[in-house]
Amino acid sequence: MANSIERCLESVLTAPLHCGQILVQETTTGHFVLSHRDDKPVDQLKVFRRAEDASNIAKYDDAGNYRPLKTAPNLRPGWRLELDTLEDLRRALDYFYPGRLAIFAAWKSGRLQTTVLRETLDRQSGMYRVAAKISDSQIDDLVADFCRSNGGCLRTILWKRDARATLTSTKLPDEKFDPNVDQAASGSPSAPTASTTSAATIPLLCQEACNLLIAECRKVVKGESALDL
Amino acid sequence: MEGKPDGALLIVAHGSTVNPDSSAPTLAHAAEIRRRKIFADVGCAFWKEEPSLRDALFLFDAESIREVYVVPNFISEGYFTQTVVPRELELNGRITERSTGQIWKYCEPVGNHPMMTELLLKRARDVASDIDPAEATLLIVAHGTDLNENSAVAAKREAEKIRALRKYATVLNVYMEEPPLVSDWRKLTKTRNIIVVPFFISDGLHSYEDIPVMLGIAEERRLSSRRPAEDGRLESRPSDVFRSNPYKLDDRSLFYAPSIGTDPGFADIIIEQALNAKS
């Protein structure tokens, strides 16, 4: 029996489907083919056939570096993943973008709750407790750089800076906060505006600041950030 | 085995932003448990990787999943199992009822399970299958001096249990950062054969490089977080250090095993911890 996440995935499955940097196409026989959106059909693509293969594809970027943030816009091209079932598709997308399908399903059903950045920061303990000392203006700059779709992260930010519902960064375009905008298209240098293709899109929604951003907040407070804030 | 048709398993682990192999065992155990179809759903969540512990709050739909079994893939109780995981998952104790009526059961970490002892023995047998234990020393390596962690205590408990079985000539705990040190193994042991098992949840800098250097079976180098070399290239993989057994050092033979958490038997322990959850 398909669970609620698979049912949600099925409801948006039109050919083609975009999810981050991935293109999903359903074959006439009801199977699924996944590839990198930048790859052309004529490209020589290495073929994989297990959902688990997605984990290895997503682990390193094209230069061979480990990808600690799977929603960073550096998924390597050159592969084609052929899957038999909706369950396989769900699992593969979950390896490419861990947790994002479940967050999307929760958002679609009205169950998703967001957490403001200040609350996330104030909750920290141990070595990350100091991160809460970051100033509002430092957050403005840090989020603008760390979370930007062109080079940072392809998620759509749903959380606010504080309980007054302040926008988390005034330096990011409005599209960064809009689940209807395809961040992989809007962040691409070759396509600076929102996607105009007819493909359906599963947005990579961000309901709460990730630990990588919290770690960056800590670095800013301790003066260790590489960013010129 | 009893199935949980309306129950989900959530394996929580540390993960890493620099070590590509940190989450690999947890993901592999989850895939194996998923294959056995005991639970309606099986997910993972990490402190340092995705999905995050906070994401995990939304992984299981209350409509179809009535119970979520949270099993920490940690070697011992400590700061993460007692502070970070409950806080991030909004757990009130061993049993938490969500506003949806979904019940979350917080289970014991894998390292606490009695089957750990058998798994350590199996790993030692696997790495030195032709060696008579009665003529060998078993070294269980832990970090030592961990802030708020009890991994050294857990390692000591396991060594005591194996020692009581009287299978090995000697069973010793050694540590990376406190005496008795790994690097003193020559002075600490008298047998010709030495079997070394790292008591860690995953392979990484400690098992690939730090411990081999302390044992004298590898030279210090900068461990890369880059993709391992493809077949046919000269560059070595970090895991090659486990494939050169036995290491001949003077008149001794040293057998070096991968971290205990990479053993496929961990999947059985994770299931056991979930099924042992308090109701």
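Taken in order, these protein sequences are the chains called A and B.
If you read the first sequence in the working numbering, its first letter stands for residue 1, the second for the next number, and so on.
If you read the second sequence in the working numbering, its first letter stands for residue 1001, the second for the next number, and so on.
We put the CB at the ideal spot given by N, CA and C, even for glycine.
| Query | Result |
| --- | --- |
| Starting from the N-terminal side, write out each stretch of the alpha helix (DSSP H) that is 4 residues or longer and does not extend beyond the segment 136–189 of chain A. | 136–146 and 183–186 |
| Could you tell me which uninterrupted beta strand (DSSP E) segments, each at least 3 residues in length, are contained entirely in the segment 1064–1098 of chain B, listed from first to last along the chain? | 1067–1072 and 1095–1097 |
| May I ask you to list the residues that DSSP assigns as paired with Tyr-66/A? | Tyr-60/A |
| Identify the contact partners of Tyr-1106/B in chain A, using a Cβ-Cβ distance below 7 angstroms as the criterion. | Correct list: empty, because the minimum Cβ distance to chain A is about 18 angstroms. |
| Are the C-beta of Pro-77/A and some C-beta of chain B separated by less than 9 angstroms? | no |
| How would you call Met-1116/B, buried or exposed, if buried means at least 16 neighbouring beta carbons within 10 angstroms? | buried |
| Identify the contact partners of Thr-1083/B in chain A, using a Cβ-Cβ distance below 9 angstroms as the criterion. | Ser-125 and Gly-126 |
| Going by beta carbon distance, what residues of the same chain come within less than 7 angstroms of His-31/A, once the five residues before and after it are set aside? | Glu-82, Leu-83 and Asp-84 |
| At a CB-CB cut-off below 8 angstroms, which residues of chain A make contact with Leu-1121/B? | Per Cβ cutoff of 8 angstroms: no residues; Leu-1121/B is ~29 angstroms from chain A at best. |
| Measuring straight from C-alpha to C-alpha, what distance separates Leu-9/A and Ala-1154/B? | 43 angstroms |
| Is the Cβ of Asn-65/A closer than 9 angstroms to any Cβ of chain B? | yes |
| From this set, Asn-56/A, Thr-14/A and Ala-131/A, which residue's C-alpha is nearest Pro-1228/B's C-alpha? | Asn-56/A |
| With 16 other CB atoms within 10 Å as the buried threshold, where does Ser-1207/B fall? | buried |
| Are the beta-carbon atoms belonging to Ile-1271/B and Arg-1098/B less than 9 angstroms from one another? | no |
| At which residues does the alpha helix (DSSP H) containing Glu-1032/B begin and terminate? | 1024–1036 |
| Alpha helix (DSSP H) containing Pro-1133/B: first to last residue? | Pro-1133/B -> no alpha helix (DSSP H), and no H or E assigned at all. |
| Rounded to whole angstroms, what is the Cα-Cα separation between Asp-1021/B and Val-181/A? | 34 angstroms |
| Within 10 Å of its beta-carbon, does Asn-1283/B have 16 or more other beta-carbons around it, so buried, or fewer, so exposed? | Since the first residue of chain B shown is 1001 and the last is 1279, residue 1283/B is not available in this structure. |
| Leaving out the 5 sequence neighbours to the left and right, which residues in its chain are closer than 6 angstroms to Leu-1139/B when beta-carbon positions are compared? | Leu-1172, Val-1174 and Val-1196 |
| When Cβ atoms are compared, which residues of the segment 200–213 of chain A fall closer than 8 angstroms to chain B? | Gln-207, Glu-208, Cys-210, Asn-211 and Leu-212 |
| Could you check the C-alpha separation between Pro-203/A and Asp-1126/B for me, to the nearest Å? | 46 angstroms |
| Rounded to whole angstroms, what's the CA-CA distance from Gln-138/A to Arg-1087/B? Just pull it up for me. | 26 angstroms |
| Going by Cα to Cα distance, which pick from Pro-1051/B, Thr-1026/B, Leu-1010/B and Asn-1073/B is closest to Pro-68/A? | Pro-1051/B |
| Mind checking Asp-1203/B: buried by the 16 CB within 10 Å criterion, or exposed? | buried |
| From the beta carbon of Gly-68/A, is the nearest beta carbon of chain B less than 9 angstroms away? | According to the sequence provided, residue 68/A is Pro. The question's Gly does not apply to it. Chain B, which has a Cβ nearer than 9 angstroms to the Cβ of Pro-68/A, makes this yes. |
| Return the chain-ordered list of same chain residues with a C-beta closer than 6 angstroms to the C-beta of Pro-16/A, the five sequence neighbours on each side being excluded. | Leu-23, Gln-25 and Ala-199 |
| Have a look at Leu-89/A, Leu-205/A, Ala-215/A and Gly-223/A and flag the residue whose alpha-carbon is nearest the alpha-carbon of Thr-71/A. | Leu-205/A |
| Which residues in the same chain have their Cβ closer than 8 angstroms to the Cβ of Lys-1167/B, if we skip the five residues on either side of it in sequence? | Leu-1121, Pro-1133 and Ala-1134 |
| Looking at the structure shown, is Asp-1210/B part of a helix, part of a strand, or coil, going by DSSP? | helix |
| Can you give me the start and stop residues for the beta strand (DSSP E) that Ala-1040/B sits inside? | 1039–1046 |
| At least one CB of chain B closer than 9 angstroms to the CB of Pro-98/A: is that the case? | yes |
| Can you grab the Cα-Cα spacing for the pair Asp-1335/B / Val-1110/B, in whole Å? | As shown, chain B starts at 1001 and ends at 1279. That puts residue 1335/B outside it, with no answer to give. |
| For Asp-162/A, I'd like the list of residues in its chain whose CB is within less than 6 angstroms of its CB, leaving aside the five on either flank, ordered along the chain. | Val-116 and Arg-118 |
| Mapping DSSP to helix, strand and coil, what is Lys-222/A? | coil |
| Mark Leu-1089/B as exposed unless 16 or more other C-beta atoms lie within 10 angstroms of its C-beta, in which case mark it buried. | buried |
| Closer than 9 angstroms, Cβ to Cβ, to anything on chain A: give me those residues from the segment 1055–1066 of chain B, in chain order. | Asp-1055, Ala-1056, Leu-1057, Phe-1058, Leu-1059, Phe-1060, Asp-1061, Ala-1062, Glu-1063, Ser-1064 and Ile-1065 |
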